[in-house]
Amino acid sequence: MSHPELATKLTELLGLEQPPVALAMVDGPPEGVTASEHAVPSSCTFWREAEKGVFYASAAQHFNCPVGSHVMGFELPEEVQAQLGGLVQSMCDAQYLDMAEVAKIPAMAKKGAGVVYGPLAELPVAADVVLMWLTPSQAMIYNEATGNASWTASAPATVSGRPGCTALPLAVTTDEPKMALGCIGMRTFTGIGDDRLLAAVPGDKIEELTAAIEAAVTANAGMRSFYEGHKAQFA
143 MSHPELATKL
153 TELLGLEQPP
163 VALAMVDGPP
173 EGVTASEHAV
183 PSSCTFWREA
193 EKGVFYASAA
203 QHFNCPVGSH
213 VMGFELPEEV
223 QAQLGGLVQS
233 MCDAQYLDMA
243 EVAKIPAMAK
253 KGAGVVYGPL
263 AELPVAADVV
273 LMWLTPSQAM
283 IYNEATGNAS
293 WTASAPATVS
303 GRPGCTALPL
313 AVTTDEPKMA
323 LGCIGMRTFT
333 GIGDDRLLAA
343 VPGDKIEELT
353 AAIEAAVTAN
363 AGMRSFYEGH
373 KAQFA
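Numbering (our numbering), first residue to last: 143 to 377.
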């Protein structure tokens with residue numbers, strides 16, 4: 143399926159209020175893609191900007207967020223590395239993060255000079271990651287579609303937390319859809335509602351997941367009908 147078809151189907155199946163967006167690590171801006179020129183406070187800010195259209199953001203444009211820049215796998219100049227160290231120390235001093243966790247924070251293995259962001263429906267290149275904002279009920283369907291709700295799964299489902307952006311490298315590294323509760327930075331910088339969770343899907347899995355979501359939606363519709371009938375007996 144094409145990007146527009148997948149975006150339309152995902153939006154309709156899940157009832158998404160925000161369009162699914164996608165990103166791709168690239169060596170430079172593809173032909174015809176406009177480079178972003180304005181500064182943003184965080185890497186995750188670009189996710190919301192991506193809802194409005196396709197653009198390219200260089201590695202340097204992510205450096206206002208040292209943690210996000212690290213998670214995105216960019217090579218950090220000395221001054222940004224120093225900022226990252228200071229920020230991490232502040233997080234540890236505030237007991238927000240334990241120093242033992244720092245070395246284990248995931249980062250994108252695929253390197254690039256920048257990122258192409260945009261609505262999934264409009265992304266002109268192959269997506270590395272597709273992002274969706276989900277309500278709890280939408281996350282329920284997503285969780286079932288990924289197989290993480292199965293009691294026979296080989297490993298228990300993992301919903302990541304802070305930093306919220308780590309869901310991206312976790313999805314790419316494992317080549318499996320992931321979900322994140324997010325972090326206070328993500329919620330501050332994106333302005334996303336407190337009732338939304340972040341879903342991150344490897345680009346090469348999005349068509350497979352869409353089919354699984356369709357099956358989960360159908361199964362839940364059948365169960366809803368059964369439960370409503372059962373409930374009516376007690377009205």
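Ideal Cβ positions, reconstructed from N, Cα and C, are used throughout, including at glycine.
Short Cβ contact (8 Å threshold) for residue i with residue j
i, j, result
"alanine 199", "valine 244", "no"
"alanine 341", "proline 319", "yes"
"serine 185", "glycine 215", "no"
"leucine 158", "leucine 165", "no"
"glutamate 193", "proline 261", "yes"
"threonine 352", "leucine 226", "no"
"threonine 332", "arginine 190", "yes"
"threonine 315", "alanine 251", "yes"
"valine 359", "alanine 313", "no"
Residues bridged to residue i [DSSP beta-bridge criterion]
i, result
"phenylalanine 368", "Paired residues: none, contrary to the question."
"phenylalanine 197", "Tyr259"
"alanine 341", "Met274, Met321"
"methionine 241", "Looking at the DSSP assignment, methionine 241 forms no beta bridge with any residue, so it has no partner."
"leucine 165", "Tyr259, Val271"
"serine 302", "Ala322"
Straight-line Cα distance separating residue j from residue i
i, j, result
"methionine 241", "serine 144", "44 Å"
"glutamate 179", "alanine 357", "42 Å"
"valine 175", "isoleucine 283", "34 Å"
"leucine 273", "alanine 281", "13 Å"
"phenylalanine 376", "alanine 263", "45 Å"
"proline 162", "aspartate 336", "18 Å"
"proline 266", "aspartate 346", "15 Å"
"serine 302", "serine 279", "18 Å"
"alanine 324", "proline 172", "The sequence shown places glycine at residue 324, rather than the alanine named in the question. So the two alpha carbons sit approximately 30 Å from each other."
"glycine 254", "aspartate 235", "33 Å"
Cβ neighbour criterion (16 or more within 10 Å) applied to residue i
i, result
"arginine 304", "buried"
"serine 232", "exposed"
"threonine 308", "buried"
"threonine 187", "buried"
"threonine 294", "exposed"
"aspartate 270", "buried"
"methionine 328", "buried"
"glutamine 237", "exposed"
"proline 208", "buried"
"proline 183", "exposed"
Contact between the region 220–232 and the region 281–291 is defined here as three or more beta-carbon pairs at a separation below 8 Å; is this criterion met? no
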